[in-house]
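Peer 1: Right, I'll just put the structure down here and ask away after.
In our numbering, the protein residues as written are 57 to 260.
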């Protein structure tokens, strides 16, 4: 296992103990898979109440054999296939029904389509002003990287490939400039929307 993550160790990427990914669709499925492949988390918890549909196969790592099955359970199989030594737990339910799992989680990635009370506790805010990306950490919103605009929003899979979005997420959570924060919570949809729309109010 040491050989697999040798490069990550050499460049000092941040690692987490327990990570929870809520929403295992286009962005969430790739984000969870990249978490596993990169060795970013020692344990991954997957939560999604939805099932895999054929329309999901154009932007996710799911296979035809997963159609009709729960997304979280199917994604767990995909991850275990690539990293059999990793502890992966999956729940076929709404996040609200397993909110006790948030206790003791070092990294919470909200990849759902909705913005709710869980997103409000996010200590990470990011923005894009068409030139520079900004990153704020903790509940005081202390700027740690450049400057930009903070807005809520939604990023559809038709705007940018989800696998690219997931790559951006992994980049953010593994960099040293957020290593001072003990716990990290990231509203993925909000972050990506800020980066792509550049603070515009329209969604076209």
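Every residue, glycine too, gets a C-beta built ideally from N, C-alpha and C.
Looking at residue 107 and residue 132, is the spacing between their C-beta atoms short of 8 Å?
Peer 2: No, these two residues do not count as a Cβ contact at 8 Å.
Peer 1: Please report how far the alpha carbon of residue 73 lies from the alpha carbon of residue 149, in whole angstroms.
Peer 2: Rounded to the nearest angstrom, the two C-alpha atoms are 23 Å apart.
Peer 1: List the whole-angstrom C-beta distance separating residue 88 from residue 163, where the pair is believed to meet the contact cut-off of C-beta under 8 Å.
Peer 2: Not confirmed; about 11 Å, so no contact.
Peer 1: Could you tell me the alpha carbon to alpha carbon distance between residue 166 and residue 79, rounded to whole angstroms?
Peer 2: For residue 166 and residue 79, the distance between alpha carbons rounds to 7 Å.
Peer 1: Within the stretch 80-126, note down every full alpha helix (DSSP H) run reaching 4 residues or more, in order along the chain.
Peer 2: As far as the stretch 80-126 is concerned, its whole alpha helix (DSSP H) runs of at least 4 residues are 82-94.
Peer 1: Heavy atom of the ligand PLP less than 7 Å from the Cβ of residue 62, yes or no?
Peer 2: Among the components modelled here there is no ligand, and therefore nothing to report on the ligand PLP.
Peer 1: When DSSP labels each residue in this structure, what does residue 60 get in the three-state scheme?
Peer 2: Coil at residue 60, not helix or strand.
Peer 1: Hey, would you say residue 129 sits closer than 8 Å to residue 146, going by beta carbons?
Peer 2: Yes, these two residues count as a Cβ contact at 8 Å.
Peer 1: Could you check where the beta strand (DSSP E) with residue 139 kicks off and where it finishes?
Peer 2: Taken as a continuous stretch (DSSP letters only), residue 139 belongs to no beta strand (DSSP E), as it is neither H nor E.
Peer 1: What is the rounded straight-line gap between the Cα of residue 85 and the Cα of residue 115?
Peer 2: Distance between the alpha carbons of residue 85 and residue 115 is about 10 Å.
Peer 1: When the Cα atoms are used, what is the spatial distance from residue 160 to residue 113?
Peer 2: Rounded to the nearest angstrom, the two C-alpha atoms are 33 Å apart.
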